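Remarks on the structure that follows.
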Amino acid sequence: MRLRGKKMTEEMLQRLSGLMVDEAESYKGRWAEWFGNNRPIHVELGMGKGKFISEMSVLHPDVNFIGVDMYDTLIHRAVEKAFVVWKEAHGTAPMNIALVRMNIEHIEKVFADSEVERIYLNFSDPWPKKRHAKRRLTHPEFLKKYLQLLNERGEIHFKTDSRQLFEFSLNAFSDMGLRMRNISLDLHAEGPAANNVMTEYESKFFDQGVNIHRCEVIVGERALQEHVHKLREILRKY
């Protein structure tokens, strides 16, 4: 455990050892062993300070959450946030969170094919210049990797404040032949959206009146079948 740039107290080192996964590549295809169960795995790529993943883990104890980021300081803050959120909710240490420090470009080295059920992309760097387009986490080169990692129930949930990135992403999803649902150009137009956990950025943007764009991308065959079934049930009512 070699986090740089912040002095570690003994308590924080213990907390880090409970949540941060050293040598995460060794768990590729074996994440069920790390968690000690076979629950679905949801991954947030670029977790920031950890508000979203911490709150989601409390709301969904039947899911294992893995937060990925490449910065030491964000790993540290995510650990602190997870312990605060879980203490307030249950008075215990976090039970279903793992944190991985790595560059998302190498995500396929950490997860095996079909090992992940859902990927969250929350307020990723928009990389607005065209020459940087390949760095966007919704670029087709990244999407190809996600498609390998996601299982039959696989989905991608995407939120951003960047209209440019959202338009680029919708086109990328479409070009990959992926079906989308719940597309919103202003998620909080009528107040805080129901059943939505905000990230730190999202809370700030909401207070400033900034539009939040969101969509869900259906990847897995079973997820698609369930989506189509729900649509047919709705149509039968009319």
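In our numbering, the protein residues as written are 33 to 270. Cβ atoms here follow ideal geometry from the backbone N, Cα and C, with glycine treated the same way. These numbers were taken from a predicted model, which means no experiment stands behind them.
Handout entry: Contact check, Val142 vs Lys60, beta carbons under 9 angstroms
Key = Translated into the one-based positions of the sequence shown, residue 142 becomes position 110. Translated into the one-based positions of the sequence shown, residue 60 becomes position 28. Going by C-beta atoms, Val142 is nearer than 9 angstroms to Lys60.
Problem - Beta-carbon spacing of Gly68, Pro126 below 9 angstroms - result: Sequence index remark: in the sequence shown, residue 68 carries index 36 (1-based). Sequence index remark: in the sequence shown, residue 126 carries index 94 (1-based). No, the Cβ-Cβ distance between Gly68 and Pro126 is not below 9 angstroms.
Practice task
Evaluate Pro160 with the Cβ neighbour count: other Cβ atoms within 10 Å of its Cβ, from every protein chain shown; 16 or more gives buried, anything less gives exposed.
Solution key: If you number the sequence shown from 1, residue 160 lands on position 128. Sixteen is the threshold: since fewer than 16 other Cβ atoms of the shown chains lie within 10 Å of the Cβ of Pro160, the residue is exposed.
Practice task
Could you tell me which residues DSSP puts in a beta bridge with Tyr152?
Solution key: Against the sequence shown, residue 152 aligns to sequence position 120. As a beta-bridge residue in DSSP terms, Tyr152 pairs with Glu76, His189.
Exercise for the section: Within the same chain, show all residues whose beta-carbon is closer than 6 angstroms to that of Asn96, passing over the 5 residues directly before and after it, in chain order. Expected result: Position 64 of the sequence shown holds residue 96. Within the same chain, Asn96 has close Cβ partners Phe67, Arg71, Ile73, Asn128.
Handout entry: Continuous alpha helix (DSSP H) assignments of at least 4 residues falling wholly in the stretch 94-169
Key = With a minimum length of 4 residues, the continuous alpha helix (DSSP H) runs that stay inside the stretch 94-169 are 104-122.
Practice task
Tell me, to the nearest whole angstrom, how far the beta carbon of Arg185 is from that of Ala255; I am working on the premise that it is less than 8 angstroms.
Solution key: For the purposes of this step, residue 185 is taken as the residue at position 153 of the sequence shown. For the purposes of this step, residue 255 is taken as the residue at position 223 of the sequence shown. That belief holds up - the Cβ atoms of Arg185 and Ala255 are roughly 5 angstroms apart, short of 8 angstroms.
Exercise for the section: With Ile272 as the anchor, note down where its alpha helix (DSSP H) starts and where it stops. Expected result: Since the first residue shown for the chain is 33 and the last is 270, residue 272 is missing from the structure and cannot be characterised.
Problem - Buried versus exposed call for Ser235 [16 or more other C-beta atoms within 10 Å across all chains shown] - result: Mapped onto the sequence shown, residue 235 falls at position 203. If you draw a 10 Å sphere on the C-beta of Ser235, you find fewer than 16 other C-beta atoms in it, and that means exposed.
Problem - Glu267 in three-state terms, based on DSSP - result: Mapped onto the sequence shown, residue 267 falls at position 235. The displayed chain sequence assigns Leu, not Glu, to residue 267. Note: Leu267 maps to helix in three-state DSSP.
Problem - For Asn214, the first and last residue of its enclosing beta strand (DSSP E) - result: Numbered from 1 along the sequence shown, position 182 holds the residue referred to as residue 214. For Asn214, the uninterrupted beta strand (DSSP E) segment begins and ends at 211-216.
Exercise for the section: May I ask you to report which of helix, strand or coil DSSP gives Glu57? Expected result: Indexing the sequence shown from 1 puts residue 57 at position 25. In the three-state DSSP reduction, Glu57 falls in the helix class (H, G or I).
Practice task
Within its chain, find whatever has a CB closer than 8 angstroms to the CB of Glu211; leave out the 5 residues flanking it on each side and keep chain order.
Solution key: Taking the first residue of the sequence shown as 1, we reach residue 211 at position 179. The sequence shown places Arg at residue 211, not Glu. Excluding residues within five positions, the ones whose Cβ falls inside 8 angstroms are Val249, Ile250, Leu256, His259.
Handout entry: Leu197 beta carbon less than 9 angstroms from that of Arg150
Key = The sequence position of residue 150 within the sequence shown is 118, counting from 1. The sequence position of residue 197 within the sequence shown is 165, counting from 1. Going by C-beta atoms, Arg150 is not nearer than 9 angstroms to Leu197.
Exercise for the section: Given a cut-off of 9 angstroms, decide if Val53 and Ala130 are closer than it, judged by their beta-carbon atoms. Expected result: The residue given as residue 130 occupies position 98 in the sequence shown. The residue given as residue 53 occupies position 21 in the sequence shown. Against a cut-off of 9 angstroms, the Cβ pair of Val53 and Ala130 comes out as a contact.
Practice task
Could you tell me the distance, in whole angstroms, from the CA atom of Phe115 to the CA atom of Phe155?
Solution key: Within the sequence shown, numbered from 1, the residue matching residue 115 stands at position 83. Within the sequence shown, numbered from 1, the residue matching residue 155 stands at position 123. Rounded to whole angstroms, Phe115 to Phe155 spans 23 angstroms at the Cα level.
Problem - Rounded C-alpha distance that separates Arg47 from Ser201 - result: Taking the first residue of the sequence shown as 1, we reach residue 47 at position 15. Taking the first residue of the sequence shown as 1, we reach residue 201 at position 169. Taking the Cα positions, Arg47 is about 36 angstroms away from Ser201.
Handout entry: Distance between Arg133 and Tyr178 (C-alpha atoms, nearest Å)
Key = Start at 1 with the first residue of the sequence shown, and residue 178 comes out as number 146. Start at 1 with the first residue of the sequence shown, and residue 133 comes out as number 101. The C-alpha of Tyr178 lies about 18 angstroms from the C-alpha of Arg133.
Problem - Proximity to Gln240 [Cα-Cα], best of Asn228, His138, Gly223 - result: Translated into positions along the sequence shown, residue 240 becomes position 208. The shortest Cα separation from Gln240 among Asn228, His138, Gly223 belongs to Gly223.
Exercise for the section: Could you tell me whether any Cβ in chain D is nearer than 9 angstroms to the Cβ of Thr231? Expected result: Absent here is chain D; the protein component of the structure consists of one chain.
Problem - Alpha-carbon spacing of Thr105 relative to Ile136, whole angstroms - result: The count along the sequence shown starts at 1 and reaches residue 105 at position 73. The count along the sequence shown starts at 1 and reaches residue 136 at position 104. For Thr105 and Ile136, the gap between their C-alpha atoms comes out near 17 angstroms.
Exercise for the section: Give a yes or no on whether the C-beta atoms belonging to Glu120 and Ile98 are separated by under 9 angstroms. Expected result: In the sequence shown, the residue the question calls residue 120 occupies position 88. In the sequence shown, the residue the question calls residue 98 occupies position 66. Using a Cβ distance threshold of 9 angstroms, Glu120 and Ile98 do not count as a contacting pair.
Practice task
Enumerate in chain order the residues of its own chain whose CB-to-CB distance from Arg264 is below 6 angstroms, with the five nearest sequence positions on each side excluded.
Solution key: As a first step, residue 264 must be located in the sequence shown, where it is residue number 232. Nothing meets the Cβ criterion.
Handout entry: Proximity winner among His220, Thr231, Asn203, relative to Val242 (alpha-carbon distances)
Key = Taking the sequence shown and counting its residues from 1, one reaches residue 242 at position 210. Shortest Cα-Cα distance from Val242 to any of His220, Thr231, Asn203 involves His220.
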